[in-house]
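Undergrad: Starting off with a structure, shown below.
Residue numbers (this note's numbering), protein chains in the order written: chain B, 163 to 433; chain D, 163 to 433.
Below you can see the structure in the form of structure tokens.
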């Protein structure tokens, strides 16, 4: 059995391979958050939509690559994540899912076989865990990890580029740090354009329409020390927020923090 | 009036802006190749497909980003290239087009208004002109430009990742250079992942299934000097070759070398 853990805090289960963790999920033996598991391997956000919405959504991702870096798209009706993890079944291999009908959360479930349809298409989207590991490796502070919290995330006033039925504002995550570390963070995260890439903003939150950093819309607030500035990255919550606004008949996502763990390594996402 | 010219050779018309060149195309006053025009501005390959094939094709591009770096996708039925050049009309603003029916070239034409449909979707795809300019600026040799020819291109044995109805082999372009320049070329072109990015191969053509560098499948052969090695990049001819293999009812492309000229600069495609 493995336990919930935060990125960077060694915990039981860290020595499991991605396929071992996916097997535990498949067997219903692991339903926790994936932060800190299989260090060095890519983790991904999941969105499942009917084929009728797939072009609009893929186009939305193409037009908004910072919040929505597409890592893998499953073939219609086929639940295999062929490119991120050949043989993996996205219906069973994540620890926890959310089922939305017409934009409303109706159920949390540990597998989605009964919700999967002949016309289902799965999208796996890059996640900030990838660049956070690179930042930690370079000795940069990642405050929410230091404080054992979820990263603070905020709705912004920055409109995504619409595509078909999908439109909405960007959600950002925030990590505070001193300016010299912010410069390093831009350099490091620029390499990971498949994991949100360089920040979208540094400094004054008001520029993004954020009124109070202590009141994030998702996740938890973190301490900002004197002399630190907030650094904002496009966040993988954006596509979910945008999808739910359009109220599709059926949408399935991972539960927050309960990601898909791929067989490829973080470094493979670096340019 | 402006004239045909090669990248890097100053010619009449080089001082025209992208919008002035597009206006000349729209007025039927320019029907030549665009190499060397509007230096510093992005040029793009064009593919127009019916909406029924658009998801498969966008997914093919997502899975094969080196040959198919998508720069812009027009909204269904709307010919405006909103992101590359707001106001530009892809039905009229390129110098020359090719019309394919069931995979067969049936017509070359200077505008495609009569072929445009309510369900047409246009894809604008990055082009090697962008990285060639960066290579020239760094003092690297670009042999086909030196010799006033079209770049040599070859079919390979390297399968693209299929998507829906689209599959086929990658086409590559080749530029010979001494090893120390090849190293520089990798560094420079890596920055332009929206213009084919780093090479896909350096050295032995047989590895790609290419038998004779003197007999390219497209374009012209170029001189390879003693001590030089061939450097191969994924080529924007790939998506066209793949599309024509599937014999869609209607496909429209730019005529080779007669590209769309965007309002954004090459540097905006650098990571």
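Glycine included, C-beta positions come from ideal geometry on N, C-alpha and C.
If the cut-off is 7 Å on Cβ atoms, which residues from the segment 369–398 of chain B count as contacting chain D, listed in chain order?
TA: none
Undergrad: Are the segment 346–365 of chain B and the segment 267–284 of chain D in contact at 8 Å, needing three or more beta carbon pairs?
TA: no
Undergrad: Can you give, in chain order, each stretch of the alpha helix (DSSP H) that sits fully within the segment 234–320 of chain B and has at least 4 residues?
TA: 291–299 and 305–308
Undergrad: Look at the alpha carbon of residue 373 of chain B and the alpha carbon of residue 370 of chain D, and state the distance between them as a whole number of angstroms.
TA: Translated into the one-based positions of the first chain, residue 373 of chain B becomes position 211. Translated into the one-based positions of the second chain, residue 370 of chain D becomes position 208. Straight-line Cα distance between these residues: approximately 56 Å.
Undergrad: May I ask you to report which of helix, strand or coil DSSP gives residue 176 of chain B?
TA: By one-based count along the first chain, residue 176 of chain B stands at place 14. For residue 176 of chain B, the secondary structure class from DSSP, reduced to helix, strand or coil, is coil.
Undergrad: Would you list, in chain order, the members of the segment 194–223 of chain B that have their beta-carbon closer than 7 Å to a beta-carbon of chain D?
TA: 216, 217, 220 and 221
Undergrad: Measure from the alpha carbon of residue 202 of chain B to the alpha carbon of each residue in B/289, B/375, B/225 and B/209, then state which is nearest.
TA: Here residue 202 of chain B is taken as the residue at index 40 of the first chain, counted from 1. Residue 202 of chain B has its Cα closest to that of B/289, out of B/289, B/375, B/225 and B/209.
Undergrad: Measuring alpha carbon to alpha carbon, tell me which residue in B/240, B/386 and B/283 is nearest residue 412 of chain B.
TA: For this step, residue 412 of chain B is matched to residue 250 along the first chain. Minimum Cα distance to residue 412 of chain B is reached at B/283.
Undergrad: Does the pairing of the segment 297–310 of chain B with the segment 254–269 of chain B give three or more beta-carbon distances under 8 Å?
TA: no
Undergrad: By a C-beta neighbour count over all protein chains shown, 10 Å radius and 16 as the cutoff for buried, is residue 231 of chain B buried or exposed?
TA: On the first chain, position 69 is the one that residue 231 of chain B refers to. It is buried - the Cβ of residue 231 of chain B has at least 16 other Cβ atoms within 10 Å.
Undergrad: For the alpha helix (DSSP H) holding residue 400 of chain D, just list the boundary residues, first then last.
TA: Sequence index remark: in the second chain, residue 400 of chain D carries index 238 (1-based). Start and end: 399–407.
Undergrad: Give the range of the beta strand (DSSP E) segment to which residue 425 of chain B is assigned.
TA: As a position in the first chain, residue 425 of chain B is number 263, starting the count at 1. It spans 422–427 - the beta strand (DSSP E) in which residue 425 of chain B sits, taken as one unbroken run.
Undergrad: Can you tell me the Cα-Cα spacing of residue 424 of chain D and residue 246 of chain D, whole angstroms?
TA: Reading the second chain from its first residue, position 262 is the one you call residue 424 of chain D. Reading the second chain from its first residue, position 84 is the one you call residue 246 of chain D. Going from the Cα of residue 424 of chain D to the Cα of residue 246 of chain D covers about 5 Å.
Undergrad: Determine the burial state of residue 191 of chain D: buried for a count of at least 16 other Cβ atoms within 10 Å of its Cβ, exposed for fewer.
TA: Your numbering for residue 191 of chain D matches position 29 in the second chain. Counting Cβ neighbours within 10 Å, residue 191 of chain D comes out exposed, since fewer than 16 surround it.
Undergrad: In or out: residue 294 of chain D buried (at least 16 other Cβ within 10 Å) or exposed?
TA: Within the second chain, the letter at position 132 stands for residue 294 of chain D. By the 10 Å Cβ count, residue 294 of chain D comes out buried.
Undergrad: Pull up the CB-CB distance for residue 347 of chain D and residue 339 of chain D, whole angstroms please, since I reckon it's below 8 Å.
TA: As a working mapping, residue 347 of chain D is identified with position 185 in the second chain. As a working mapping, residue 339 of chain D is identified with position 177 in the second chain. At roughly 6 Å, the Cβ-Cβ gap stays under 8 Å, so residue 347 of chain D and residue 339 of chain D are in contact.
Undergrad: Hey, is residue 280 of chain B close to the ligand SAM, as in C-beta under 7 Å from one of its heavy atoms?
TA: With respect to the ligand SAM, the structure shown offers nothing to examine, as it has no ligands at all.
Undergrad: Name the residue from D/301, D/392 and D/432 whose alpha carbon lies nearest to the alpha carbon of residue 352 of chain D.
TA: Residue numbering aside, residue 352 of chain D sits at position 190 when the second chain is read from its first letter. Considering only alpha carbons, the answer is D/432.
Undergrad: Tell me, please, which residues DSSP counts as bridged to residue 331 of chain D.
TA: Translated into positions along the second chain, residue 331 of chain D becomes position 169. D/321, per the DSSP bridge assignment.
Undergrad: Could you give the residue range of the beta strand (DSSP E) that holds residue 394 of chain B?
TA: Within the first chain, numbered from 1, the residue matching residue 394 of chain B stands at position 232. Here the beta strand (DSSP E) through residue 394 of chain B covers 391–396.
Undergrad: Mind listing which residues of the segment 230–244 of chain D have their C-beta closer than 7 Å to chain B's C-betas, in chain order?
TA: The segment 230–244 of chain D vs chain B, Cβ under 7 Å: 232 and 235.
Undergrad: Quick one: give me the first and last residue of the alpha helix (DSSP H) that residue 416 of chain D is part of.
TA: Here the question's residue 416 of chain D lines up with position 254 in the second chain. Looking at the DSSP string, residue 416 of chain D is not in any alpha helix (DSSP H); the run it does join, the beta strand (DSSP E), is 413–416.
Undergrad: Between which residues of its own chain and residue 417 of chain D is the CB-CB distance below 7 Å, once the five residues before and five after are set aside?
TA: The count along the second chain starts at 1 and reaches residue 417 of chain D at position 255. Taken in chain order, the residues that qualify are 258, 259, 260 and 270.
Undergrad: At what residues does the alpha helix (DSSP H) containing residue 348 of chain D begin and finish?
TA: Position 186 of the second chain, counted from the first residue, corresponds to residue 348 of chain D. First-last of the alpha helix (DSSP H) with residue 348 of chain D: 341–352.
Undergrad: Between which two residues does the beta strand (DSSP E) carrying residue 206 of chain D extend?
TA: In the second chain, the residue the question calls residue 206 of chain D occupies position 44. Element bounds for residue 206 of chain D: 203–212.
Undergrad: Provide the residue(s) that pair with residue 338 of chain B in DSSP beta bridges, ordered along the chain.
TA: As a position in the first chain, residue 338 of chain B is number 176, starting the count at 1. In the DSSP output, where bridge partners are listed per residue, residue 338 of chain B has B/392.
Undergrad: Given this structure, state the Cα-to-Cα distance separating residue 415 of chain D from residue 209 of chain D, to the nearest angstrom.
TA: For the purposes of this step, residue 415 of chain D is identified with residue 253 of the second chain, where counting begins at 1. For the purposes of this step, residue 209 of chain D is identified with residue 47 of the second chain, where counting begins at 1. Going from the Cα of residue 415 of chain D to the Cα of residue 209 of chain D covers about 5 Å.
Undergrad: Which residues in the same chain have their Cβ closer than 6 Å to the Cβ of residue 186 of chain D, if we skip the five residues on either side of it in sequence?
TA: Numbered from 1 along the second chain, position 24 holds the residue referred to as residue 186 of chain D. The answer, listed in chain order, is 192.
Undergrad: Assign residue 111 of chain D to one of two classes, buried (16 or more other C-beta atoms within 10 Å of its C-beta) or exposed (fewer than that).
TA: The first residue shown for chain D is 163 and the last is 433, placing residue 111 of chain D beyond what the model contains.
Undergrad: Which value, in whole angstroms, describes the spacing of the CA atoms of residue 180 of chain B and residue 200 of chain B?
TA: The sequence position of residue 180 of chain B within the first chain is 18, counting from 1. The sequence position of residue 200 of chain B within the first chain is 38, counting from 1. Cα-Cα distance, rounded: 6 Å.
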